[in-house]
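In our numbering, the protein residues as written are 117 to 261.
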């Protein structure tokens with residue numbers, strides 16, 4: 117499937133929240149598997165992944181209101197390495213630069229995906245019906261017990 121036809125992370129999360137049972141939720145996760153989806157799930161549920169960004173809850177950014185967003189979380193998830201504690205690319209940045217990069221990321225993707233990322237860095241689950249156990253079952257190697 118071409119990347120242009122892939123669902124955005126928020127669209128996948130919407131499908132999960134509407135799924136009627138565990139089997140349907142698992143099917144959604146497996147059907148739409150991508151590194152971006154797995155990175156977001158890991159960021160939310162893996163306690164070993166800690167973000168080196170202010171833990172204020174709110175992030176001062178201007179949500180993207182354009183129908184056609186300039187980029188996609190499916191492409192930009194590789195930038196997470198600049199925000200995770202202990203990762204060399206993150207540790208080499210001064211805090212102001214790291215925070216600016218995060219705000220730029222939020223402003224360049226769909227507003228609903230930006231909300232998911234803010235939830236992720238605050239370790240809050242942004243979607244009803246998505247659990248750590250479900251993610252571990254869908255992607256067994258992603259998050260250790």
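Each residue gets a CB set at the ideal place from its N, CA and C atoms; glycine is no exception.
Item                                                                                                                            : Value
Mind checking which residues open and close the alpha helix (DSSP H) that includes residue 133?                                 : 125–134
If you follow the alpha helix (DSSP H) that residue 161 is part of, which residue opens it and which one closes it?             : 151–161
Looking at the structure shown, is residue 218 part of a helix, part of a strand, or coil, going by DSSP?                       : helix
Which residues share a DSSP beta bridge with residue 251?                                                                       : BP columns for residue 251 are empty, so no partner.
Applying the 10 Å Cβ sphere with the 16-neighbour rule, what's the burial state of residue 251?                                 : buried
Please tell me whether residue 253 and residue 169 are closer than 8 Å, where the distance is taken between their beta carbons. : no
Should residue 137 be labelled buried (16 or more other beta-carbon atoms within 10 Å of its own) or exposed?                   : exposed
Report the rounded CA-to-CA distance for residue 174 versus residue 231, giving the unit in angstroms.                          : 10 Å
Is the segment 187–196 close to the segment 128–136, with three or more CB pairs under 8 Å?                                     : no
Since residue 229 contacts residue 124 with CB under 8 Å, what's their CB separation in whole angstroms?                        : 6 Å
What are the residues that DSSP puts in a beta bridge with residue 200?                                                         : 167
So, under 8 Å CB-CB, residue 179 and residue 227 are touching, yes? Tell me the CB distance rounded to an integer number of Å.  : 4 Å
Measuring straight from C-alpha to C-alpha, what distance separates residue 132 and residue 261?                                : 22 Å
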